[in-house]
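Here the structure is laid out as structure tokens; the discussion comes afterwards.
2 protein chains.
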Amino acid sequence: MSAEDAAIAGGFESLFEVLRRLTPRSGLSLTAASTLWRLSHGGPQRLCDLHGPEGISQPAMTQLVTRLEREGLAKRGSDPADGRAVVVSVTDEGRAAVGHRQEGRAQALAGLLEGLSEEEYASVAAALPALRKLVELAKGGPTA
Amino acid sequence: MSAEDAAIAGGFESLFEVLRRLTPRSGLSLTAASTLWRLSHGGPQRLCDLHGPEGISQPAMTQLVTRLEREGLAKRGSDPADGRAVVVSVTDEGRAAVGHRQEGRAQALAGLLEGLSEEEYASVAAALPALRKLVELAKGGPTA
DNA sequence: AAATTTATATCACTTCCTTATACAACTAGT
DNA sequence: ACTAGTTGTATAAGGAAGTGATATAAATTT
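Sequence order for the protein chains is A and B. Here the first sequence stands for residues 1 to 144, where the numbers follow our numbering. Here the second sequence stands for residues 1001 to 1144, where the numbers follow our numbering.
As structure tokens, this is what we get:
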């Protein structure tokens, strides 16, 4: 690992802390938000397909879905192909909740971006494709 | 907020998810790691000075310090200037724990960075100063 | 000296996670 | 067709991690 790798890692570590604080602690938990986002974009999914990618256990996801259902953010349905399976879908309210949350974060970030010079801003924009590549690489799996 | 702002926000949102998963869920919680890091770099601090920047309540920090102390990662001391105050310091073990955690994340990130082209890598490196500026701006407060 | 403020611990509670387990539906093997 | 094995989900018990309310003592202000 090079010194430049280490510098990037350090920079990302600090950035992570900043991004983490963009959202008030009240409201959706990280896992709840991520799950609702996943359902919003990927469509209804089985409970057993949700817990793995979120990195939590099946019973934890069962409980989370129960809470989300109670709050009207998601709902349970059945799978005609398998009588055991629960298919979870996001409600309009849940979709809105994730949308508002993301919007708030984007607004807060936009506020920060205003403090950058044109050059600095351009360098962030120029790095976007690379950041997106990192995201793809991370999804690919074994590299990470 | 411009389209480019939105694109950057979206990219950062995805990046955040990736960075979040660089650390196994077991081990230190986000707040515990952040607190230990803060003590490692900023030196011993009063309990009442720790909970605000971490964004949690005083009783939550009291409990966290109790847990960290139980695990040998931090210890309580007294403040000669104020009989009520508890001064929290990190132990060598706690310092090592944060160090290992950060190292693991850096290694994982370095693995991802290897998947970038030279151009992509350079664009990330070039954006580092701007990212650092964002971090500073966020610390400054009212902007965010 | 009394009143007010501050620092911390404790309480009762919820959320969010873990492992273990129970039960039923499904699949594979005979 | 029947049995054994596997899979999907719920539930139980417990700990971590957070909340607001409260109690107590030390410190500061009036």
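Glycine included, every Cβ here is placed at the ideal spot set by N, Cα and C. A quick note: this is a predicted structure, and the numbers were derived from the prediction, not measured.
In summary, the residues of the segment 1122-1134 of chain B whose CB is separated from some CB of chain A by less than 8 Å are Ser-1123, Val-1124, Ala-1125, Ala-1126, Ala-1127, Leu-1128, Pro-1129, Ala-1130, Leu-1131, Arg-1132, Lys-1133 and Leu-1134, in the order they occur in the chain. For B/Arg-1021, there is no enclosing alpha helix (DSSP H), as DSSP gives it neither H nor E. Between A/Thr-23 and A/Leu-64, the gap from beta carbon to beta carbon reaches 9 Å or more. For A/Ser-89, the enclosing beta strand (DSSP E) covers residues 82-90. Residues of chain A whose Cβ lies closer than 8 Å to the Cβ of B/Ser-1014 are, in chain order, Leu-131, Arg-132 and Val-135. At a C-beta separation below 7 Å, B/Gln-1107 has these neighbours in chain A: Met-1. Across the segment 16-41 of chain A, CB contacts with chain B closer than 8 Å involve Phe-16, Glu-17, Val-18, Leu-19, Arg-20, Arg-21, Leu-22, Arg-25, Leu-30 and Ser-34, in sequence order along the chain. Here DSSP, grouped into helix, strand and coil, assigns A/Ser-117 to coil. A/Asp-79 and B/Glu-1017 have their C-alpha atoms roughly 29 Å apart. With at least 16 other beta carbons inside 10 angstroms of its own, B/Arg-1101 counts as buried. The residue among B/Ala-1125, B/Glu-1114, B/Gly-1052 and B/Ala-1032 with its C-alpha nearest the C-alpha of B/Ala-1097 is B/Ala-1032. Of the candidates B/Ser-1089, B/Gly-1052 and B/Met-1001, B/Ser-1089 places its Cα closest to the Cα of B/Leu-1039. Ranked by Cα distance from B/Pro-1129, the options A/Arg-67, A/Ala-122, A/Lys-133 and A/Leu-134 are led by A/Ala-122.
Annotation: A/Ser-40 is outside any beta strand (DSSP E); the continuous alpha helix (DSSP H) that includes it extends over 30-42. Around A/Glu-93, the same chain offers Gly-72 and Leu-73 as residues with beta carbons nearer than 7 Å, after the five sequence neighbours per side are excluded. When the five nearest sequence neighbours on each side are left out, the beta carbons in the same chain lying within less than 7 Å of the beta carbon of B/Arg-1046 are those of Asp-1079, Ala-1085, Val-1086 and Val-1087, in order along the chain. Among the residues of chain B, those whose CB is under 9 Å from the CB of A/Gln-102 are Ala-1009, Gly-1010 and Glu-1013, following chain order. Only exposed fits B/Gly-1055, as fewer than 16 other CB atoms lie within 10 angstroms of its CB. Between A/Gly-55 and chain B, the shortest Cβ-Cβ separation is below 9 Å.
Straight-line spacing of the CA atoms in B/Val-1124 and B/Gly-1083 works out to 49 Å. Burial is judged here by how many other beta carbons sit within 10 angstroms of a residue's own beta carbon; B/Gly-1042 has fewer than 16 and is exposed.
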